[in-house]
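Colleague: Chains as they are written, first to last, in the working numbering: chain A, 23 to 323; chain B, 4 to 621. Pasting in a structure now, in structure tokens, and then I'll have a few things to ask.
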């Protein structure tokens, strides 16, 4: 903290005064830090790190989740930038080939994206890329949708994908896996919206949150990769939280471990890899009713 | 699992013949499971009898899944064979060859409703849509009354409704008959967006079809595709707010069909048909005249606080500082007026049109002219402080930051001029005329040029990155926390990473744009030459609303409090609610508005090519 004070001391005071003038509630140290670092006037190179964890859980015999975490740098318009591709897919149980669907989603999406950003891995020629990030994500998801319909008709999967380039996180999301921003000050903000019947009924006020817990159709999705002719994933771009973490997980984690426990596990662990292990353990200790998948990423500097 | 035998997935080629009878002509549709072809029935060698051949490719690796798929297919065939109704296609034949099953149906010469919606400019007329809705009620009623068991269509949506050459509706695709699984993670049957809440729980009833019909008509009348909206959100998109031409009577019927609780909907398709027939009788020209009259009535209620007449057109944008309003005119002058009452204070003559927006800073006003100069003039006296020769007509507006005036010129440079001395500090060479206004953020200056290049330049004039659009960038950038937004003559609104120029997304506008976007609450608002003002979500590039004016929108929208203000070449200044795009009021001037309004202290200032400057209450 002293280090930050030294670095941003002057700015921090200005921010505090502005906030007082606006007459809003005082911010925590961490929130101020977040604002200050967000206002960093120089666009310095940053370091992206990630960890991941996976478990079949205690009650299922089959793992129908698939994950991927790729971290690299990418040559850009103005120097090398952090590059990250983080995916969690949860195949639909009760349908044939849930695990094939989730695997096809990961395989197809990463293939599509890596061919564009890292063509040399495929012995392809490097070309000036014109497509915006969101169109690449949409193309990748639509392609995966087709692949699943072809390889495992009738099956489906969730997919929550994060493409990190520099300080931008572009999310593509279908189903009820989730992406969160985890802040050191205790906030855990879901940034995706579940495509589940229960969530929609809750949003419409037809179900109270406590009723939702025990709703019999808790697992019914209204949008899934591989299901239906027409697929409209949620795609959006947001700034990577700094300081903070990006977490992507399946409902085997978020539906089982309390938010405060998730938040503590992430912030208190010495490394991201250990944090992921702790999260998986916490879900298993709580009964492990479903497959558990988690990816954590952090932008340092 | 491998990719499978790719030849097994290939479409049939034209010229191929199935079971020695159906000569394939071309693909007319592609679904999730296979294609639909137009074919000629060769059992009628002397006449051309066309049929539609629907193909289902069974590529499932699991034998049990394969079997279920074939069973579903045969169920559809057998069901269709027993139905006799003008809105249901007749089935001629069905057969299975290897992993492909085929259904042979009457060929319908026409277009599906989704294609009609997409290919229509603007909204479909109410009478036409109403006619289809009545016919759809009729066929649903027929299916629901089927003996021994009612048939639930389960998948009513525009793409499953064909409109034939006579304009009659034909229901296609009876393929949905999957069973619903609960307990495990499952998904719904039917098409998301059109299906009612109870269908997500696995309950398919005649009343569920009524909801989906309501959703289909809602889509047809609003052009808002429910598949890209959250389910059950029709109430958030009231019919008449999006399409004011729809009668209140029809809106009421559609709302009843779309009731969340099935108890509150029509009890039968016949009952809904009755209600629609009632609308058809009640409405007519009368309802439309009333709707038009109510929107015209608002114009007269807006009176300007003051107006001021120049000797020629005002094409640019005013600015206000310390009670003074500054605006350039095509009569070569920069005018200074008292912002409170529009009284003339002074004017400063240049030798060319002043078409941009002056910048006021400290005690001076800075502005460019088509006489190739940038001027600094004292704001109270109108006395010249310095002038700078920009070597080309100046159509860009000055941007002031960190002791510099940044301005573009038609000589293809962006100039950084010392604000005190008027001397050039550096200039940055673009590939074409710079008419866009420089934008400054985090020690970088962003500017576009007429070749389509867009640059980020640091404070020493060194290029940091470059982005290229297909056509000119005349628009100026703006930014949210995480992104820069610019419009281009290539008809796109772009979101770029300000740090490195990577494109985050692009949004297709109807036509080219020179309007500079504005951002509020993560909503990007911009005009385009197709006459629309667009509002787009800054994070997801999803359209939130669009508002149609009667001519090009070349000026830039401005947000003040909860309204957006924007002029149009149709001569009106529009005031819209920025969250919904709903019209609050409009103010008509005598000629095109090409500049942007300026809003300060609850007053909107706007110039018009009718030579006048107007001040209105915001």
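All residues carry an ideal CB built from backbone N, CA and C; glycine is no exception. From a predicted model like this one, the values you see are computed outputs, not experimental measurements.
Is the beta carbon of residue 282 (chain B) closer than 7 Å to that of residue 253 (chain B)?
Modeller: As a working note, residue 253 (chain B) is residue 250 in the second chain. As a working note, residue 282 (chain B) is residue 279 in the second chain. A contact, by the Cβ cut-off of 7 Å.
Colleague: Is residue 67 (chain B) buried or exposed, if buried means 16 or more other CB atoms sit within 10 Å of its CB?
Modeller: Mapped onto the second chain, residue 67 (chain B) falls at position 64. The residue is exposed, with fewer than 16 neighbouring Cβ atoms inside 10 Å.
Colleague: Can you tell me which of the three DSSP states residue 139 (chain A) falls into?
Modeller: Along the first chain, one-based indexing puts residue 139 (chain A) at 117. If DSSP states are grouped into helix, strand and coil, residue 139 (chain A) belongs with the helices.
Colleague: Under the three-state reduction of DSSP, which class applies to residue 335 (chain B): helix, strand or coil?
Modeller: Counting from one through the second chain, the residue named residue 335 (chain B) turns up at place 332. Coil at residue 335 (chain B), not helix or strand.
Colleague: Where does residue 708 (chain B) fall in DSSP's three states?
Modeller: In this structure chain B extends from 4 to 621, so residue 708 (chain B) is not present and cannot be described.
Colleague: Here's the rule: buried if 16 or more other CB atoms are within 10 angstroms of the residue's CB, otherwise exposed. What is residue 257 (chain A)?
Modeller: Reading the first chain from its first residue, position 235 is the one you call residue 257 (chain A). Residue 257 (chain A) comes out buried.
Colleague: Given a limit of 9 Å on CB to CB distance, which residues of the region 495-529 of chain B reach chain A?
Modeller: For the region 495-529 of chain B, which is checked against every Cβ of chain A, the residues closer than 9 Å are 497, 498, 499, 500, 501, 502, 503, 504, 505, 506, 507, 508 and 509.
Colleague: How long is the line joining the alpha carbons of residue 37 (chain B) and residue 259 (chain B), rounded to whole angstroms?
Modeller: Taking the first residue of the second chain as position 1, residue 37 (chain B) is located at position 34. Taking the first residue of the second chain as position 1, residue 259 (chain B) is located at position 256. Rounded to whole angstroms, residue 37 (chain B) to residue 259 (chain B) spans 36 Å at the Cα level.
Colleague: By the 10 Å Cβ neighbour count, where 16 or more other Cβ atoms means buried, how is residue 461 (chain B) classified, buried or exposed?
Modeller: Translated into positions along the second chain, residue 461 (chain B) becomes position 458. Classification of residue 461 (chain B): exposed, given that the 10 Å Cβ count is below 16.
Colleague: Is there a C-beta anywhere in chain C that falls below 7 Å from the one on residue 114 (chain B)?
Modeller: No chain C appears in the structure shown, which is made up of the protein chains A and B.
Colleague: Residue 308 (chain A) by DSSP, collapsed to three states: which one?
Modeller: For this step, residue 308 (chain A) is matched to residue 286 along the first chain. Residue state, collapsed to three classes: coil.
Colleague: Which residues of the region 211-238 of chain B have a Cβ closer than 7 Å to any Cβ of chain A? Give them in chain order.
Modeller: Result list: 230, 231, 233, 234 and 235.
Colleague: Please look up how many angstroms separate the CB atoms of residue 17 (chain B) and residue 31 (chain B), rounded, as I've assumed it's under 8 Å.
Modeller: Your numbering for residue 17 (chain B) matches position 14 in the second chain. Your numbering for residue 31 (chain B) matches position 28 in the second chain. Actually they are not in contact, since the Cβ atoms of residue 17 (chain B) and residue 31 (chain B) sit about 11 Å apart, beyond 8 Å.
Colleague: At a CB-CB cut-off below 8 Å, which residues of chain A make contact with residue 485 (chain B)?
Modeller: Position 482 of the second chain holds residue 485 (chain B). Correct list: 189, 190, 259, 260 and 261.
Colleague: How long is the line joining the alpha carbons of residue 147 (chain B) and residue 272 (chain B), rounded to whole angstroms?
Modeller: For the purposes of this step, residue 147 (chain B) is identified with residue 144 of the second chain, where counting begins at 1. For the purposes of this step, residue 272 (chain B) is identified with residue 269 of the second chain, where counting begins at 1. Near 8 Å, if we compare the C-alpha coordinates of residue 272 (chain B) and residue 147 (chain B).
Colleague: Spell out the partners DSSP gives residue 389 (chain B) in its beta bridges.
Modeller: In the second chain, counting from the first residue as 1, residue 389 (chain B) sits at position 386. Per DSSP, B:379.
Colleague: Anyone know if the C-beta pair for residue 595 (chain B) and residue 574 (chain B) falls short of 7 Å?
Modeller: As a first step, residue 595 (chain B) is located in the second chain; it is residue number 592 there, counting from the start. As a first step, residue 574 (chain B) is located in the second chain; it is residue number 571 there, counting from the start. Going by C-beta atoms, residue 595 (chain B) is nearer than 7 Å to residue 574 (chain B).
Colleague: How would you list, in chain order, the residues of chain B whose beta-carbon sits under 7 Å from the beta-carbon of residue 254 (chain A)?
Modeller: Position 232 of the first chain, counted from the first residue, corresponds to residue 254 (chain A). By Cβ distance, chain B contributes 230 and 231.
Colleague: Do you know how far the Cα of residue 151 (chain A) is from the Cα of residue 101 (chain B)?
Modeller: The count along the second chain starts at 1 and reaches residue 101 (chain B) at position 98. The count along the first chain starts at 1 and reaches residue 151 (chain A) at position 129. About 43 Å.
Colleague: What does a CB cutoff of less than 6 Å around residue 550 (chain B) pick up in its chain, not counting 5 residues either side in sequence?
Modeller: For the purposes of this step, residue 550 (chain B) is identified with residue 547 of the second chain, where counting begins at 1. Excluding residues within five positions, the ones whose Cβ falls inside 6 Å are 536, 579 and 584.
Colleague: Output needed in chain order: residues of the region 137-170 of chain A with a Cβ under 8 Å from some Cβ in chain B.
Modeller: Per Cβ criterion, the list reads 152, 153, 154, 155, 156 and 157.
Colleague: Determine which residues of the region 234-254 of chain A have a Cβ less than 8 Å from any Cβ of chain B, and write them out in chain order.
Modeller: Going along the region 234-254 of chain A in chain order, one finds 238, 239, 241, 242, 243, 244, 245, 246, 249, 250, 251, 252 and 254 with a Cβ nearer than 8 Å to chain B.
Colleague: Closer than 8 Å, Cβ to any Cβ of chain A: which residues of the region 528-558 of chain B, in chain order?
Modeller: Going along the region 528-558 of chain B in chain order, one finds 540, 542, 543 and 544 with a Cβ nearer than 8 Å to chain A.
Colleague: Determine the direct distance from the alpha carbon of residue 467 (chain B) to that of residue 459 (chain B), and round the result to whole angstroms.
Modeller: Residue numbering aside, residue 459 (chain B) sits at position 456 when the second chain is read from its first letter. Residue numbering aside, residue 467 (chain B) sits at position 464 when the second chain is read from its first letter. The straight-line gap from Cα to Cα measures roughly 5 Å.
Colleague: Taking only beta-carbon atoms, is residue 219 (chain A) less than 7 Å away from chain B?
Modeller: Counting from one through the first chain, the residue named residue 219 (chain A) turns up at place 197. Taking Cβ atoms only, chain B reaches closer than 7 Å to residue 219 (chain A), which makes this a yes.
Colleague: In terms of residue numbering, what span does the beta strand (DSSP E) encompassing residue 352 (chain B) cover?
Modeller: Taking the second chain and counting its residues from 1, one reaches residue 352 (chain B) at position 349. Residues 347-352.
Colleague: Can you tell me the Cα-Cα spacing of residue 402 (chain B) and residue 336 (chain B), whole angstroms?
Modeller: Translated into the one-based positions of the second chain, residue 402 (chain B) becomes position 399. Translated into the one-based positions of the second chain, residue 336 (chain B) becomes position 333. Whole-angstrom Cα-Cα distance: 20 Å.
Colleague: Does the region 165-177 of chain B come within contact of the region 204-220 of chain B, defined as at least 3 CB pairs closer than 8 Å?
Modeller: Result no; under three Cβ-Cβ pairs closer than 8 Å.
Colleague: Can you confirm whether the region 260-269 of chain A touches the region 171-190 of chain A when touching is taken to mean that 3 or more C-beta pairs between the two stretches lie within less than 8 Å?
Modeller: Yes, since at least three Cβ pairs between the region 171-190 of chain A and the region 260-269 of chain A fall closer than 8 Å, the two stretches touch.
Colleague: I'd like the ranges of any alpha helix (DSSP H) spanning at least 4 consecutive residues and lying wholly in the region 220-297 of chain A.
Modeller: Entirely contained in the region 220-297 of chain A, the alpha helix (DSSP H) runs reaching 4 residues are, in chain order, 231-235, 273-276 and 281-290.
Colleague: Tell me which same chain residues have a C-beta within less than 8 Å of the C-beta of residue 155 (chain B), skipping the five on either side of it?
Modeller: For the purposes of this step, residue 155 (chain B) is taken as the residue at position 152 of the second chain. Cβ neighbours of residue 155 (chain B) beyond the five flanking positions: 146, 147, 207, 208, 209, 211 and 212.
Colleague: Can you grab the Cα-Cα spacing for the pair residue 24 (chain B) / residue 39 (chain B), in whole Å?
Modeller: Indexing the second chain from 1 puts residue 24 (chain B) at position 21. Indexing the second chain from 1 puts residue 39 (chain B) at position 36. Answer to the nearest angstrom: the Cα atoms are 16 Å apart.
Colleague: Does any residue of chain A bring its CB to less than 7 Å from the CB of residue 195 (chain B)?
Modeller: As a first step, residue 195 (chain B) must be located in the second chain, where it is residue number 192. Interface residue, yes.
Colleague: State yes or no: is the C-beta of residue 112 (chain B) within less than 7 Å of the C-beta of residue 168 (chain B)?
Modeller: Here the question's residue 112 (chain B) lines up with position 109 in the second chain. Here the question's residue 168 (chain B) lines up with position 165 in the second chain. Yes, the pair counts as a contact, with Cβ atoms nearer than the cut-off.
Colleague: Against chain B, does residue 172 (chain A) count as a neighbour if the rule is that its beta carbon must be under 7 Å from one of theirs?
Modeller: As a working mapping, residue 172 (chain A) is identified with position 150 in the first chain. Closer than 7 Å: yes.
Colleague: With DSSP as the reference, label residue 27 (chain A) as helix, strand or coil.
Modeller: On the first chain, position 5 is the one that residue 27 (chain A) refers to. For residue 27 (chain A), the pLDDT reaches just 49, beneath the cut-off of 50, and the residue's location in the model is therefore unreliable, although a value from the coordinates is still provided. Reduced to three states, the DSSP call for residue 27 (chain A) is helix.
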